[in-house]
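These notes are about the structure you will find just below.
Protein chains: 6
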Amino acid sequence: MFTHTKKLQYHAKPSKPDPLMAKKLQEILGGQYGEMSVMNQYLFQGWNTRGNEKFKDMLLDTGTEEIGHIEMIATMIAQLLDDAPVDAQENAYKSDPAVAAIMGGMNPQHAIVNGLGAAPKDSVGVPWNGNYIISSGNLLADLRANINAESQGRLQVSRLYHMTDDPGVRDMLGFLLARDTMHQLQWIEAAKEIEDREGIVVPYDVPADWEVKEVNNILYNFSEGEESKSMVEGKKAADGREFRYESTPVAFADKPILKPAPPSLHNSTPMDKM
Amino acid sequence: MFTHTKKLQYHAKPSKPDPLMAKKLQEILGGQYGEMSVMNQYLFQGWNTRGNEKFKDMLLDTGTEEIGHIEMIATMIAQLLDDAPVDAQENAYKSDPAVAAIMGGMNPQHAIVNGLGAAPKDSVGVPWNGNYIISSGNLLADLRANINAESQGRLQVSRLYHMTDDPGVRDMLGFLLARDTMHQLQWIEAAKEIEDREGIVVPYDVPADWEVKEVNNILYNFSEGEESKSMVEGKKAADGREFRYESTPVAFADKPILKPAPPSLHNSTPMDKM
Amino acid sequence: MFTHTKKLQYHAKPSKPDPLMAKKLQEILGGQYGEMSVMNQYLFQGWNTRGNEKFKDMLLDTGTEEIGHIEMIATMIAQLLDDAPVDAQENAYKSDPAVAAIMGGMNPQHAIVNGLGAAPKDSVGVPWNGNYIISSGNLLADLRANINAESQGRLQVSRLYHMTDDPGVRDMLGFLLARDTMHQLQWIEAAKEIEDREGIVVPYDVPADWEVKEVNNILYNFSEGEESKSMVEGKKAADGREFRYESTPVAFADKPILKPAPPSLHNSTPMDKM
Amino acid sequence: MFTHTKKLQYHAKPSKPDPLMAKKLQEILGGQYGEMSVMNQYLFQGWNTRGNEKFKDMLLDTGTEEIGHIEMIATMIAQLLDDAPVDAQENAYKSDPAVAAIMGGMNPQHAIVNGLGAAPKDSVGVPWNGNYIISSGNLLADLRANINAESQGRLQVSRLYHMTDDPGVRDMLGFLLARDTMHQLQWIEAAKEIEDREGIVVPYDVPADWEVKEVNNILYNFSEGEESKSMVEGKKAADGREFRYESTPVAFADKPILKPAPPSLHNSTPMDKM
Amino acid sequence: MFTHTKKLQYHAKPSKPDPLMAKKLQEILGGQYGEMSVMNQYLFQGWNTRGNEKFKDMLLDTGTEEIGHIEMIATMIAQLLDDAPVDAQENAYKSDPAVAAIMGGMNPQHAIVNGLGAAPKDSVGVPWNGNYIISSGNLLADLRANINAESQGRLQVSRLYHMTDDPGVRDMLGFLLARDTMHQLQWIEAAKEIEDREGIVVPYDVPADWEVKEVNNILYNFSEGEESKSMVEGKKAADGREFRYESTPVAFADKPILKPAPPSLHNSTPMDKM
Amino acid sequence: MFTHTKKLQYHAKPSKPDPLMAKKLQEILGGQYGEMSVMNQYLFQGWNTRGNEKFKDMLLDTGTEEIGHIEMIATMIAQLLDDAPVDAQENAYKSDPAVAAIMGGMNPQHAIVNGLGAAPKDSVGVPWNGNYIISSGNLLADLRANINAESQGRLQVSRLYHMTDDPGVRDMLGFLLARDTMHQLQWIEAAKEIEDREGIVVPYDVPADWEVKEVNNILYNFSEGEESKSMVEGKKAADGREFRYESTPVAFADKPILKPAPPSLHNSTPMDKM
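The structure is reproduced here in structure tokens:
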């Protein structure tokens with residue numbers, strides 16, 4: 001069960017409107033690696049955790065925080081859209097390149113659909129969807145998803161920082177940078193705890209005789225040029241075994257021949273003799 | 001530029017048809033973490049790499065290998081669909097529960113749309129899409145995406161292994177398990193090389209004064225109950241600093257008040273005095 | 001900013017596992033009118049409200065409640081998936097129709113992808129997306145969206161109630177039925193307050209001379225048969241004007257003729273003389 | 001069965017080309033609340049209506065009208081795209097801000113993909129999809145969906161009206177405004193007829209003992225601050241009962257504990273003692 | 001402008017309910033190549049046609065017919081869903097395999113969401129979307145899209161015919177088979193008329209010196225094995241020139257080297273000397 | 001199994017950066033008819049081919065070539081994005097219309113998400129998805145899909161050619177034009193071989209008595225105006241039979257009446273007497 005205070009976790013007030021920046025900030029709200037993704041990813045992982053309460057708590061701690069981040073960014077976007085030039089008389093782009101750029105560049109849905117509000121979409125208007133997230137039931141796998149999400153997220157925030165010189169926007173982005181630093185570090189720490197117990201390969205409990213073991217430490221050189229050789233040659237993998245490099249990968253199996261489909265499928269008539 | 005041999009990288013031949021297993025295997029072909037995702041993710045990352053040829057080569061090596069994995073699984077699915085019971089006379093589910101289960105459970109598109117062939121979709125029929133992958137231009141971020149993808153992928157393969165006792169299917173899954181082991185290890189190794197040079201937090205080159213530094217090492221306890229405290233208390237983060245824990249997070253900013261939209265947006269009339 | 005208690009708003013405990021019901025409950029979690037939709041719809045509407053704090057507060061009250069409903073349903077689904085028959089030896093559907101029905105009918109991603117957890121998807125596995133919701137900046141329009149959402153939602157819950165006889169599942173559904181009753185009533189009340197002030201047609205402030213007034217009270221009979229006539233004939237509309245009925249709608253405008261595209265588009269050569 | 005006359009229901013001829021307005025008009029053609037949505041929503045509702053022929057007729061009347069609205073808007077868009085500046089020599093944006101704004105702002109697919117024609121997509125290019133509509137089998141629920149759709153639709157048309165001063169475009173928008181007025185009024189009238197018979201809460205026929213009755217008239221204050229209290233305090237709901245307000249919502253259920261998954265799922269090892 | 005008669009173009013009445021067949025028929029209603037696709041494809045092509053009125057008329061003739069086909073299939077689906085076993089007491093799948101198969105196999109949304117009605121989705125529940133269709137402004141290109149659509153459509157109908165022995169369903173499918181025959185033939189005829197005038201390659205008016213002419217008649221053997229050689233060797237293409245076959249394709253261009261991104265993108269540090 | 005050489009099949013080097021052209025080129029990479037579509041379409045068709053090895057080989061030959069085309073276009077896009085103006089100081093659009101146009105017009109994800117790299121999306125940012133392709137198991141149907149795809153593809157490339165005067169970009173587009181010429185010709189040739197054997201209508205093996213034969217050669221005049229009559233009148237169809245034209249199509253079936261749904265669906269109460 002959740003409760004809400006209307007106070008924001010951090011300041012989200014621009015010094016002036018900027019509809020183009022509003023459009024770009026949608027990426028970290030409703031994009032593949034925006035706050036909606038981390039919020040839902042952590043909450044679903046938390047709700048689905050079985051028998052590991054301290055991990056569950058940490059996931060729910062940070063998932064709950066992320067709802068507040070969505071709130072901050074949505075609030076920022078709404079204010080960046082103030083005074084967006086949507087009237088026809090402002091269509092005077094023939095003489096004013098500044099207005100022209102905004103007319104051409106702002107997201108038309110911010111005015112037509114959302115009345116100067118944010119939406120759960122990315123910077124090109126593609127709606128957020130549930131296949132952006134993963135909750136697998138395996139904590140190490142999921143913590144790796146989280147480390148990745150926070151790395152992509154902080155990278156995007158750092159790029160957005162360059163795209164504005166508004167001190168209010170930068171202040172909020174600076175807060176997000178800091179929280180993404182912490183979130184990277186905490187998921188790395190949590191993952192390490194599991195790796196120390198279960199080893200580096202996910203999932204750790206696959207019976208050894210299931211794997212085709214002779215190929216589980218080879219880097220195959222499928223792209224001509226052996227620049228990648230130095231990445232593994234003479235090195236030990238994180239599980240302690242030596243890597244191998246195969247310059248000319250060989251196919252294990254013959255060309256497959258499929259038998260014709262039955263007539264009720266109305267596939268093409270097979271012309272080959274079989 | 002690519003070339004193809006019709007030989008398969010590994011055996012992909014079931015001992016008998018099984019349309020339900022065909023449906024399930026679609027997950028590791030065209031699902032969020034299926035082979036289409038890793039293939040496209042590694043190739044796009046490789047093509048977009050700038051100034052790091054040995055990483056580029058490794059990404060293209062493995063991305064190219066993954067095209068061959070799609071081929072193996074597609075071939076397996078086509079053969080598992082042999083003799084699927086699609087005719088009306090086989091609709092005799094009133095008396096034969098085995099046929100009934102297959103009739104109800106197989107993916108109808110495998111017959112109606114694909115004529116007993118595989119499709120670029122997941123196990124519930126949702127088509128693969130380009131937002132499953134990431135190619136960010138930052139190698140460490142992307143290698144973390146890759147470590148995650150191979151962890152989720154190997155986890156799914158291990159679960160599918162339990163769902164069949166067909167030795168042919170299991171043999172192919174055993175090969176994929178082994179390759180996913182290697183792929184996890186190689187991306188971990190590659191990530192470590194960058195971490196050793198650039199540090200643990202992505203991206204490493206954000207100016208220190210951009211971050212709101214006082215919050216970049218705190219775990220906020222937004223979910224009541226302090227089980228998560230032990231995850232960080234007294235521990236050093238991977239970047240060497242100490243973690244902090246804040247039991248009762250405090251909001252930095254006041255409740256935001258948005259000013260009314262201009263009349264041309266036809267938003268609701270504001271009733272509050274401002 | 002949000003906080004979380006791990007206590008659930010209401011009980012969410014089935015008396016026994018049921019993977020088929022788990023699949024069906026996904027509809028009210030991540031479907032078009034599931035809890036993810038109402039949660040996001042109310043929160044975005046609340047964050048985007050300008051100058052109407054009591055409406056904003058009500059939207060955020062109920063939007064926050066809905067996060068807790070997602071939590072309840074996700075928790076229920078996780079427990080309904082306990083003991084799902086995913087192993088090959090349980091594939092013995094040839095002799096046991098009960099297991100057969102579950103094998104064929106359960107959502108394979110619940111096992112393969114989510115490890116017996118819920119996901120932000122609907123009952124056929126289509127992921128939730130941001131275009132399910134609306135936040136328009138016009139409160140009356142949005143309250144009507146909310147009335148609709150709660151009507152569809154309560155309808156779906158009532159149908160699901162028939163599909164189970166598990167007292168635990170029914171208890172939770174009974175709670176959702178009650179909350180959806182209240183939510184319908186509260187949005188109806190809130191809409192009435194605005195209608196009383198601004199009138200029935202959204203938006204109320206369109207200049208009268210913009211409309212082609214002669215057609216704004218006619219029901220056109222475009223489908224042969226005049227059964228619909230009695231719906232409007234002799235009745236006054238909610239805005240006080242009389243409805244009209246036009247049995248044989250007439251076109252206002254001539255057939256349009258488009259001029260050929262310029263050659264640089266490589267459209268078809270126009271063959272008509274113009 | 002349908003027939004078509006090439007005459008348009010109303011005039012759809014701009015006085016001059018305007019590729020930016022063409023892009024924006026896509027919203028009311030193929031957006032979430034565009035004409036494709038109302039057309040499909042009303043037709044599917046009509047086709048699925050069981051035992052209420054006058055409602056069915058009205059739905060099919062208006063659904064059929066909406067196909068003609070798609071036609072009008074598509075025709076308008078095609079003409080607004082005349083003379084779109086797509087050639088390289090027109091790329092002279094370095095000196096002409098008017099052309100620059102169009103080059104940057106027009107939808108590139110209007111030229112590359114559609115050869116100056118309309119497409120079933122919204123103003124940012126996201127394709128229309130079948131999950132924008134609802135046909136539930138419950139007329140009151142669906143009429144509420146229709147009231148909402150026409151409210152959102154008329155709101156969007158009124159916003160677009162401000163974005164152009166082309167008299168031809170405004171004339172067509174004025175016609176759509178008028179029809180949306182009528183459509184709002186007719187669905188409100190139809191809904192009232194059902195509400196008068198079945199009551200205000202959908203669906204009306206849920207057995208009273210299914211609901212957890214003690215919570216079906218409470219507004220829970222989940223968002224700190226009691227501005228929303230006045231929305232319900234001392235008021236009667238539309239079903240005649242009094243509303244209640246709960247300042248501090250209490251959780252009914254304890255924190256849930258999920259039991260560990262079986263080993264064949266390869267979830268994380270549970271570390272908690274249970 | 002369109003008008004509607006409630007009479008169906010052809011009979012659409014099953015002799016008995018069959019919820020599994022209802023699910024499968026969704027494929028030809030709202031699937032990639034269902035009636036919604038051909039309806040929208042032909043109507044948009046017709047509306048966008050410039051200067052070729054007889055083609056435009058033909059497209060609108062058949063596009064309008066297809067709306068009636070959607071209506072027939074939707075009506076059929078609604079009746080196949082009569083008496084679907086949705087109540088819990090019908091969940092008695094432990095003893096009745098027939099009900100078990102239907103419970104497991106029917107589309108749950110047909111009951112939960114649509115109240116026994118059809119929806120604009122395919123046989124696995126994926127919603128129809130606007131990117132299934134093409135309207136390019138080039139008639140020959142689009143007629144080829146139409147020939148393809150009718151070929152896939154008729155193929156799917158013929159497969160569905162095998163999946164039922166209900167004479168009513170088969171009667172309707174037999175009508176659709178016949179219409180798809182005609183539609184294939186009419187688009188082939190129309191395409192031939194344009195090919196006779198403009199030649200076989202689309203678009204016909206690309207200046208000859210734009211093409212890299214030395215490669216426009218070669219089949220490259222990128223997949224090892226020369227079985228494809230006989231497809232072209234010694235044959236003349238439809239444009240009169242001879243085909244060529246190249247057994248060992250050679251790359252024209254060197255390995256590309258991308259220059260590093262500027263620091264403001266926070267890409268990886270380039271380690272290669274350039 | 002596939003192998004890769006880093007050499008490009010053809011040159012892909014622009015003479016100068018152009019972020020707007022980068023955005024537009026995404027259409028032929030990840031759009032509905034971009035290279036990702038033809039690559040996947042041909043490979044899946046090849047892998048699913050049963051008993052026709054020379055067709056299978058040809059599909060795999062060209063499918064493999066198309067991976068190399070994706071590589072060329074991705075490489076071109078990465079270089080067109082060099083020096084994209086993403087920094088705030090470059091936001092000087094108030095005075096420089098050239099920069100303004102680029103700021104407004106470039107795809108923001110190219111900077112924020114991809115760090116100046118290509119992505120599997122189209123020119124408006126919609127991700128590629130698996131429902132763009134078809135692999136039906138019927139070769140003639142699929143070859144028609146391929147003829148269409150190459151026609152749409154070459155049309156789009158020819159339009160893009162006009163949008164740039166960069167000789168490097170034009171050189172690559174000229175190569176693609178040539179290859180699309182060949183691919184159109186080769187699929188036409190392959191389709192003819194099957195048509196010669198199986199006839200023109202797909203699928204050829206539907207029993208004659210399944211079709212409602214009296215309607216399989218009629219063009220119905222559903223759109224008022226008989227311009228289309230000359231398309232068929234007095235002409236023989238490709239299968240040798242005469243076309244017919246019906247000026248006033250007549251409905252075969254009466255208006256359908258659906259029986260009410262059972263109470264457990266909570267549909268509207270039927271008000272009609274039945």
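Protein chains in written order, with UniProt numbering: chain A, 1 to 274; chain B, 1 to 274; chain C, 1 to 274; chain D, 1 to 274; chain E, 1 to 274; chain F, 1 to 274. Note that beta-carbon positions come from the ideal geometry of N, C-alpha and C, so glycine has one too. Quantities reported herein were computed from a predicted structural model and do not represent experimental measurements.
Own chain, CB closer than 6 Å to residue i, minus 5 neighbours either side, in chain order
{"i": "N221 of chain A", "result": "S247"}
{"i": "V169 of chain B", "result": "P14"}
{"i": "A237 of chain C", "result": "F243"}
Beta-carbon gap between residue i and residue j smaller than 8 Å
{"i": "K7 of chain D", "j": "M1 of chain E", "result": "yes"}
{"i": "A22 of chain D", "j": "I77 of chain D", "result": "yes"}
{"i": "L177 of chain A", "j": "V206 of chain B", "result": "yes"}
{"i": "R241 of chain C", "j": "L265 of chain F", "result": "no"}
{"i": "E198 of chain A", "j": "T269 of chain D", "result": "yes"}
{"i": "I70 of chain E", "j": "M106 of chain E", "result": "no"}
{"i": "S151 of chain F", "j": "V212 of chain E", "result": "no"}
{"i": "P256 of chain D", "j": "T75 of chain C", "result": "yes"}
{"i": "P120 of chain F", "j": "G68 of chain B", "result": "no"}
{"i": "V126 of chain D", "j": "G125 of chain A", "result": "yes"}
{"i": "H183 of chain F", "j": "A253 of chain E", "result": "no"}
{"i": "E189 of chain E", "j": "Q109 of chain B", "result": "no"}
{"i": "N216 of chain B", "j": "T181 of chain A", "result": "yes"}
Beta-carbon proximity list for residue i, same chain, < 7 Å, skipping 5 on both sides
{"i": "G31 of chain C", "result": "D122 and S123"}
{"i": "V232 of chain C", "result": "L219, F243 and Y245"}
{"i": "D239 of chain F", "result": "G199, I200 and V201"}
Sequence-distant residues of its chain with Cβ nearer than 8 Å to residue i (five each side left out)
{"i": "Y161 of chain C", "result": "R170, L173, G174 and L177"}
At least three beta-carbon pairs within less than 8 Å, the region 99-115 of chain F to the region 123-138 of chain B: yes
Proximal residues, the region 1-17 of chain C versus chain B, C-beta separation under 9 Å: M1, F2, T3, H4, T5, K6 and K7
Cβ contact (3+ pairs, closer than 8 Å) linking the region 56-66 of chain A and the region 225-232 of chain B: yes
Residues in the region 161-193 of chain B having any Cβ partner in chain E nearer than 8 Å: none
Chain F contacts from the region 246-257 of chain B (Cβ-Cβ distance under 8 Å): none
Alpha helix (DSSP H) runs wholly inside the region 29-92 of chain A, at least 4 long, in chain order: 35-48 and 53-80
Near-chain D residues of the region 52-71 of chain C - C-beta to any C-beta below 7 Å: E53, K54, D57, M58, L60, D61, T64 and E65
Contacting positions in the region 140-157 of chain E - beta carbon closer than 8 Å to chain A: L155
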